[in-house]
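Q: If you scroll down you'll find the structure; I have some questions about it.
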Amino acid sequence: MASVLSIIHYTFIQQSRNHLYMVVILFGLTMIAASLLFGAVAGDQEIEVILDLGLAVTELFGLIMAIFGAVTLILEEIESKTIYLLLTRPLPRSHYLIGRFFGLLLSIFVSMLFMGVFHLILLFVKGWTLSATFFVSFPFMILKISVITALALFFSLFSTSSVSSIVFTVLFWLLGHFGTELSFLANKSKNAISALGTKAFLFLIPDMSVMNYRDVFTLAGPHWTQQFLWGSSYAFLYCLACLFLALALFSRKEF
Amino acid sequence: MNSENILELDKTAKIYRRSHLGKTKETRGALDITFSIQKGEVFGLLGLNGAGKTTIIKLVLGLIFPTSGRIQVMGKSPEDPLNKKQIGYLPEVPYFYKFLTAREVLSFYGRISGLPSHALPNRIEDALRIVRMQDHSNRPMREYSKGMLQRIGLAQAILHDPPLMLFDEPVTGLDPMGLKEMRDLLVSLNKNGKTIFFSSHSISEAEKVCHRVGIMVKGRLEKIVSKNEWEGQTGSLEKIFVDTITSKGGISVG
Amino acid sequence: MPFNQKAFFSSRKTNIYLGLTFLFIFFSRIVSVYSPSSRFPPFHKILMKEYASLDTSLVLMGLRRVGGELSFIQYLQYLSAPQKEINEKGNTKPYPRLLVLSKRTGSLNPYYHYSYLFGAGVLAFTMNRHSEAIDLLAEGIRWDPSFWRYRLYAGAIAFREKKETHKVIELLESAITYPDCPSMIKNILAGIYKKQGRYLRAAEIYIQLLNSRDKNYIIKATQNLHDLEKNHGIILQ
Chain A
-10 MASVLSIIHY TFIQQSRNHL YMVVILFGLT MIAASLLFGA VAGDQEIEVI LDLGLAVTEL
50 FGLIMAIFGA VTLILEEIES KTIYLLLTRP LPRSHYLIGR FFGLLLSIFV SMLFMGVFHL
110 ILLFVKGWTL SATFFVSFPF MILKISVITA LALFFSLFST SSVSSIVFTV LFWLLGHFGT
170 ELSFLANKSK NAISALGTKA FLFLIPDMSV MNYRDVFTLA GPHWTQQFLW GSSYAFLYCL
230 ACLFLALALF SRKEF
Chain B
-10 MNSENILELD KTAKIYRRSH LGKTKETRGA LDITFSIQKG EVFGLLGLNG AGKTTIIKLV
50 LGLIFPTSGR IQVMGKSPED PLNKKQIGYL PEVPYFYKFL TAREVLSFYG RISGLPSHAL
110 PNRIEDALRI VRMQDHSNRP MREYSKGMLQ RIGLAQAILH DPPLMLFDEP VTGLDPMGLK
170 EMRDLLVSLN KNGKTIFFSS HSISEAEKVC HRVGIMVKGR LEKIVSKNEW EGQTGSLEKI
230 FVDTITSKGG ISVG
Chain C
92 MPFNQKAFFS SRKTNIYLGL TFLFIFFSRI VSVYSPSSRF PPFHKILMKE YASLDTSLVL
152 MGLRRVGGEL SFIQYLQYLS APQKEINEKG NTKPYPRLLV LSKRTGSLNP YYHYSYLFGA
212 GVLAFTMNRH SEAIDLLAEG IRWDPSFWRY RLYAGAIAFR EKKETHKVIE LLESAITYPD
272 CPSMIKNILA GIYKKQGRYL RAAEIYIQLL NSRDKNYIIK ATQNLHDLEK NHGIILQ
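In order, the protein sequences belong to chains A, B and C. Residue numbers are given in the numbering used here: position 46 of the first sequence equals residue 35, and the series is strictly consecutive. Residue numbers are given in the numbering used here: position 6 of the second sequence equals residue -5, and the series is strictly consecutive. Residue numbers are given in the numbering used here: position 87 of the third sequence equals residue 178, and the series is strictly consecutive.
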């Protein structure tokens, strides 16, 4: 456990001392501020637009950090050979992988927190009345980011290049939001093979709609606590699947 | 396994297989390697570039996996991560995190190596003192010269006081003073009971510190030479080395 | 280092990891299928070809809610400038795309109540296109039958068409008590009162409009209050 915590700690320091990390946060803050422009032309819906657009920007920049961070996390360490002095120590490869994963997640959460605080300040300045929606959306966004980070980590070990890892991860992010539509198309399809293929594919892609509370909070449905329970169960299981798959590849990787 | 043997390789082989467009290309990294190292011994592995020295070291460290054969490090498989507490490794070129200082790096490695937090600061001080890097330890690693990086590499290898030291070409690129310091350190470590296994191109350095030397040619361990075979005769290890290389087709000497 | 398939699958540890992977994927799929989490209905119809790639991208990014709001902003932009279409008979139709733009917003976020109410209000009370307004509200009801204010607005529009103004007033008075009531509806109700000479009630509603987030309605309310004060003897404090 101590070794996992050490890996988490140094991963967080590594990410936060990375200039690109700061640039992404600054860019995210700028885009959140830009939501004020959209709010200004939205009439009565100004606050709603600033709220929703700000949350969306926070999630998207968290996604960018997750994808680029996870894809380079281990690949860079392998290429720079700094991994040699880690794996030649009494550090199980599983501990290393888990530590790197959680260290990266921690750095992303902190950056999303910065953006969230800035977003809150903007909302209060614009006269927003405090509502739980903002605070409830955040944990769900973090679940989505966790899933995509685990997936990106797997692709970084599976693929031979960082570009293809990024492409695959982005593809799975997009398809993850298209699950309802794919299921609808599969049911409508007259070709049994393509319907079966689509349904099999749905098995593999992450179902982002289970964790997309930010988008659906006005919809009628169960209380957010119940939705969070299901969403976090899903995220936990899917992350585990990705991490075990990544571990299967990493445990036999040669250096 | 013989309880006196700290390292044993038995008919170990490593074949690299590369598949491309349906064709598989095989490259021999090491073949039929059998030898053992006793506790308290200094064993040197000599060979030309590409002879397989680094392959052997990586196999012992569990960085790569043998195609066949058996490796035992203190009675356990190299893939057992907890056994690595017993090993201190210095790569040919140590790569560190440029954004950390030497102290931070040693602290990090010390924690991963299982050193208790109350003992860690003293161990870091001791290691820095041995490699004479106390004055530069708070600078980020990106500011270090090659020699300084090598010293920190040594520091991280000895930090957790392991019984077995694995050095991959420790004298490559060192100036004469650096060579002497490294040699003195190896002798000192061995006097303190450490077993040392290192690979090198430098026959003269191996001659000075080793109890035994293995000579590798094209992935095979062709000969193991004991100190009494070259002791007392200057240049005799070199002669044995060259004879072994030329007889096994490693190089032709005109 | 090349990937050694044979070594990969021959390792017992690797096979355990792979087995656990499939197990967790299977359980995650079960959770996904049985999860009662709120979801949008499938996005399967592109209503406006020029926005096809934008709308599809928003859906793929999980931004249907934001997409609906961006679409609504585009609707407001359309409304802010004079638009007309001339048909074969030479008749002009102002703002011909209001209905399809409103429906486009609904296709992205079928639960965007405000956009349906606003769109129906514009079609009925500003453009006198009652049937289109009812058509729009009917779509809103189809997606969210529990949102009863659609029926409230439909009723008001139906009475307007029959010129039963007192019943329109009754329904709109109910509508403006809700926080999601568009400022436009308040403005329309105040305008009805002003037309009927009920200046005090009109003034009360214009004062409410001064708190609107839409600057246009704040300006209109200010102008109307000034007019009521100057020309109709309403004293404002």
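Yeah, the Cβ is synthetic: ideal placement off N, Cα and C, and Gly gets one too.
For the alpha helix (DSSP H) containing C:Glu252, name the first residue and the last one.
A: First-last of the alpha helix (DSSP H) with C:Glu252: 240 to 252.
Q: In the stretch 138 to 170 of chain A, which residues sit with their C-beta less than 7 Å from some C-beta in chain D, listed in chain order?
A: No chain D appears in the structure shown, which is made up of the protein chains A, B and C.
Q: For B:Met(-10), does the three-state DSSP call read helix, strand or coil?
A: Per-residue confidence for B:Met(-10) stands at a pLDDT of 46, beneath the threshold of 50, marking its modelled position as unreliable; the derived number appears in the next sentence. Residue state, collapsed to three classes: coil.
Q: What is the DSSP secondary structure of A:Phe167, reduced to helix, strand or coil?
A: Coil at A:Phe167, not helix or strand.
Q: Assuming A:Leu25 contacts A:Ile2 (C-beta within less than 8 Å), just tell me the rounded distance between them.
A: At roughly 34 Å, the Cβ-Cβ gap does not stay under 8 Å, so A:Leu25 and A:Ile2 are not in contact.
Q: Measure the CB-CB distance between A:Thr138 and A:Ala45 and report whether it falls below 8 Å.
A: No.
Q: Note down the Cα distance separating B:Asp124 from B:Ala91, rounded to an integer number of angstroms.
A: Cα to Cα, the separation comes out at about 11 Å.
Q: Grab the span of the beta strand (DSSP E) containing C:Lys175 for me, first residue to last.
A: C:Lys175 -> beta strand (DSSP E) spans 175 to 177.
Q: Taking the straight line between their C-alpha atoms, what separation do you get for B:Ser134 and B:Leu89?
A: Their backbone Cα atoms lie some 15 Å apart in a straight line.
Q: What does B:Pro83 reach in chain A if we use C-beta pairs closer than 8 Å?
A: Simply Leu74.
Q: What is the rounded straight-line gap between the Cα of B:Met154 and the Cα of A:Leu132?
A: Approximately 44 Å between the Cα atoms of the pair.
Q: Measure the alpha-carbon distance for C:Leu109 versus A:Ser148 and round it to whole angstroms.
A: About 17 Å.
Q: Taking DSSP as the reference, what is the three-state secondary structure of C:Ala125?
A: Here residue 125 of chain C is Tyr; the residue named in the question, Ala, does not match the sequence. Three-state DSSP puts C:Tyr125 in a helix.
Q: Apart from the five residues on each side of it in sequence, which residues of its chain come closer than 6 Å, Cβ to Cβ, to C:Leu290?
A: Sequence inspection shows Tyr at residue 290 of chain C; the Leu mentioned does not correspond to that position. Only Leu319, His323, Ile325 meet the Cβ criterion.
Q: For B:Asp157, list the residues DSSP reports as bridge partners.
A: According to DSSP, which records beta bridges pairwise, B:Asp157 is partnered with B:Ser188.
Q: Starting from B:Ala300, follow its DSSP beta bridges and name the residues at the other end.
A: One cannot answer for residue 300 of chain B here, as it falls past the ends of chain B, which runs -10 to 243.
Q: Taking the beta strand (DSSP E) that B:Ser35 belongs to, which residues open and close that run?
A: Per the sequence presented here, residue 35 of chain B reads as Leu, with Ser not at that position. That run of the beta strand (DSSP E) goes 31 to 36.
Q: Could you give the distance in angstroms between the alpha-carbon of B:Leu178 and the alpha-carbon of B:Pro152?
A: Roughly 9 Å separates the two Cα atoms.
Q: What does the Cβ neighbour count give for A:Met(-10), buried or exposed, with the cut at 16 atoms within 10 Å?
A: Answer is exposed; the Cβ neighbour count stays below 16.
Q: Tell me whether the stretch 75 to 90 of chain A and the stretch 26 to 36 of chain A touch, counting them as touching only if at least three CB pairs, one residue from each stretch, are closer than 8 Å.
A: No: fewer than three Cβ pairs fall under 8 Å.
Q: For a contact meaning CB atoms closer than 9 Å, what does A:Pro211 contact in chain C?
A: In chain order: Pro127, Ser128, Ser129.
Q: Which residues in the same chain as B:Ile46 place their Cβ atom closer than 7 Å to its Cβ, once the five residues preceding and following it in sequence are excluded?
A: If we look at B:Ile46 and ignore the five residues flanking it on each side, its Cβ neighbours are Leu155, Asp157, Ser188.
Q: Would DSSP call A:Asn7 helix, strand or coil?
A: Three-state result, A:Asn7: coil.
Q: Note the first and the last residue of the continuous beta strand (DSSP E) segment covering C:Lys184.
A: First-last of the beta strand (DSSP E) with C:Lys184: 183 to 185.
Q: Residues of chain C with a CB under 9 Å from the CB of A:Val30: which are they?
A: Ordered by position in chain C, the residues that pass the 9 Å Cβ test against A:Val30 are Ile164, Leu167, Gln168, Ser171.
Q: Taking the alpha-carbon positions, what's the C:Cys272 to C:Gly212 distance?
A: Near 10 Å, if we compare the C-alpha coordinates of C:Gly212 and C:Cys272.
Q: With A:Ile53 as the anchor, note down where its alpha helix (DSSP H) starts and where it stops.
A: Note, A:Ile53: alpha helix (DSSP H), 35 to 68.
Q: I need the straight-line Cα distance from B:Gln145 to B:Leu95, nearest angstrom please.
A: The straight-line gap from Cα to Cα measures roughly 6 Å.
Q: Is the Cβ of C:Ile326 closer than 8 Å to any Cβ of chain A?
A: Chain A, which has no Cβ nearer than 8 Å to the Cβ of C:Ile326, makes this no.
Q: Anything in chain B within Cβ reach of A:Gln215, meaning under 8 Å, just list it in chain order.
A: Result: empty, since nearest Cβ-Cβ is about 41 Å, beyond 8 Å.
Q: Based on Cα-Cα distance, which residue from C:Tyr125, C:Ser198, C:Asn302, C:Ile177 lies nearest to C:Ala143?
A: For the residues C:Tyr125, C:Ser198, C:Asn302, C:Ile177, the minimum Cα distance to C:Ala143 belongs to C:Ser198.
Q: Helix, strand or coil: how does DSSP classify C:Phe117 here?
A: In this structure, C:Phe117 counts as helix in the three-state DSSP scheme.
Q: Could you check the C-alpha separation between C:Arg156 and B:Glu81 for me, to the nearest Å?
A: Those two C-alpha atoms are separated by around 56 Å.
Q: So, for B:Leu50: in the same chain, excluding its five sequence neighbours on each side, which residues have a beta-carbon less than 8 Å away from its beta-carbon?
A: Closer than 8 Å at Cβ, skipping near neighbours: Pro67, Lys73, Ile76, Tyr78, Leu155.
Q: Using alpha carbons as the reference points, say which of A:Ala230, A:Leu218, A:Ser151 lies closest to A:Glu68.
A: Comparing Cα positions, the closest option is A:Ser151.
Q: Using CA coordinates, which residue listed in B:Gly203, B:Leu174, B:Asn181, B:Gln27 is at the minimum distance from B:Gly33?
A: Comparing Cα positions, the closest option is B:Gly203.
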